[in-house]
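2 protein chains.
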Amino acid sequence: MLKKVEEFILSRPLARLSTVTPAGLPHSIPICFALSGLDTIYTPIDSKPKTSSKKTLTRINNIVNNDEVVVLFDRYSEDWNELGYVMVRGKASIVQNQRENLGAATLLKKRYRQYREQNYLPEDPTVIEVKVYDYTSWGNLRCK
Amino acid sequence: MLKKVEEFILSRPLARLSTVTPAGLPHSIPICFALSGLDTIYTPIDSKPKTSSKKTLTRINNIVNNDEVVVLFDRYSEDWNELGYVMVRGKASIVQNQRENLGAATLLKKRYRQYREQNYLPEDPTVIEVKVYDYTSWGNLRCK
Chain A
1 MLKKVEEFIL SRPLARLSTV TPAGLPHSIP ICFALSGLDT IYTPIDSKPK
51 TSSKKTLTRI NNIVNNDEVV VLFDRYSEDW NELGYVMVRG KASIVQNQRE
101 NLGAATLLKK RYRQYREQNY LPEDPTVIEV KVYDYTSWGN LRCK
Chain B
1001 MLKKVEEFIL SRPLARLSTV TPAGLPHSIP ICFALSGLDT IYTPIDSKPK
1051 TSSKKTLTRI NNIVNNDEVV VLFDRYSEDW NELGYVMVRG KASIVQNQRE
1101 NLGAATLLKK RYRQYREQNY LPEDPTVIEV KVYDYTSWGN LRCK
């Protein structure tokens, strides 16, 4: 990933994770995330209340069935010369290694005050890892 | 769609359109949009430069192959009590009727100064119509 792409991604507080359901329908939700190196995105199942009380969240179920995901980072501005986005393609899985999981939680806490100071991240959270293999960028990615 | 869901959607300057490629991969991009009534979302192929010079845009190609789409409307805030989103499921198609197309362009111009005052919308734009059949909402949708 180019340096300016990485900078743009890190400047975004939020991303959107898109997956495909077993029936072939799209699914998309806003996510908090952290970058590790240039090709790994972590996003946790945090303690915000969930829409569903189902045991397995849709995003997890989708990933287990089809690991191809998209993570979208974008910027809106009233000045349309400032518009830009990066659409990342990757393979998603659930982090199983406890050490990696701890590392991901640390990165997430570093990025989000709310994870550090409030009770939004469980001790040992489930973390989705996205291994980036490709991306498309558009528009103005310059960060001030 | 409930009134408060509609208000939340209209308060968002941008949405994200997720589709599925013929190979079953997710695809997602930021979009400008307008609402018509409670169950129709319009988004134009506008004159912003495109990533690809291919004759058919990925989103169009995907929709022709699989009309199931998701449109995501979300709000981020430093105060996580303000977080919220609406994920809309719908069937997408290209508006063919010229009168409807003109109506969609008028709605888009009403919402976006940039379409009214700058050269971002062609005279007779291609417009994607999403007929909403379901939605999921989460978090705080209150608009001040």
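Heads up: the sequence lines are chains A and B, in that order. Using my numbering, read the first sequence as starting at 1 and increasing by one per residue. Using my numbering, read the second sequence as starting at 1001 and increasing by one per residue. Ideal Cβ positions, reconstructed from N, Cα and C, are used throughout, including at glycine.
- Counting C-beta pairs closer than 8 Å gives three or more between the segment 28-42 of chain A and the segment 1071-1078 of chain B, which meets the contact rule.
- The C-beta of residue 1089/B comes closer than 9 Å to at least one C-beta of chain A.
- For a Cβ distance threshold of 8 Å, residue set 1051 of chain B lies close to residue 136/A, ordered along the chain.
- Its chain contains 1108, 1109 and 1121 as the residues whose beta carbon lies nearer than 7 Å to that of residue 1115/B, once the 5 sequence neighbours on both sides are disregarded; these appear in chain order.
- Every beta strand (DSSP E) stretch that sits fully inside the segment 25-78 of chain A and reaches 3 residues is listed by chain position as 26-31, 34-36, 40-45 and 68-75.
- Burial of residue 90/A is indicated by the presence of at least 16 other C-beta atoms within 10 angstroms of its C-beta.
- About 5 Å separates the beta carbons of residue 1063/B and residue 1092/B, which is inside the 8 Å limit, making them a contact pair.
- Residue pairing by DSSP puts residue 137/A in a beta bridge opposite 86/A.
- In the structure shown, residue 17/A adopts extended strand secondary structure according to DSSP, grouped into three states.
- Contact annotation for residue 1028/B against chain A: 16, 18, 28, 70, 72 and 87 [CB-CB distance below 7 Å, chain order].
- Under the three-state reduction of DSSP output, residue 92/A falls in the strand class.
- Rounded to whole angstroms, the gap between the alpha carbons of residue 60/A and residue 1022/B is 22 Å.
- Ranking 1094/B, 1083/B and 1102/B by CA distance to the CA of residue 1143/B puts 1083/B first.
- Shown here, residue 123/A sits in coil according to DSSP, grouped into three states, outside any helix or strand.
- The beta carbons of residue 1132/B and residue 1044/B sit about 18 Å from each other, so the pair does not count as a contact at 8 Å.
- Residue-level contact by beta carbon holds for residue 48/A and chain B, with a gap shorter than 9 Å.
- Straight-line measurement puts the Cα of residue 1141/B at about 6 Å from the Cα of residue 1008/B.
- Counting every other CB atom within 10 Å of its CB across the protein chains shown gives residue 129/A a total of 16 or more, marking it as buried.
- Against chain B, the beta carbon of residue 66/A has neighbours under 8 Å at 1024, listed in chain order.
- Against chain B, a Cβ distance below 7 Å from residue 44/A picks out nothing, because the smallest value is about 14 Å.
- Chain order gives the chain B residues near residue 76/A as 1013, 1014 and 1030, where near means a beta carbon separation below 8 Å.
- Looking at the DSSP output, residue 129/A bridges to 42/A and 93/A.
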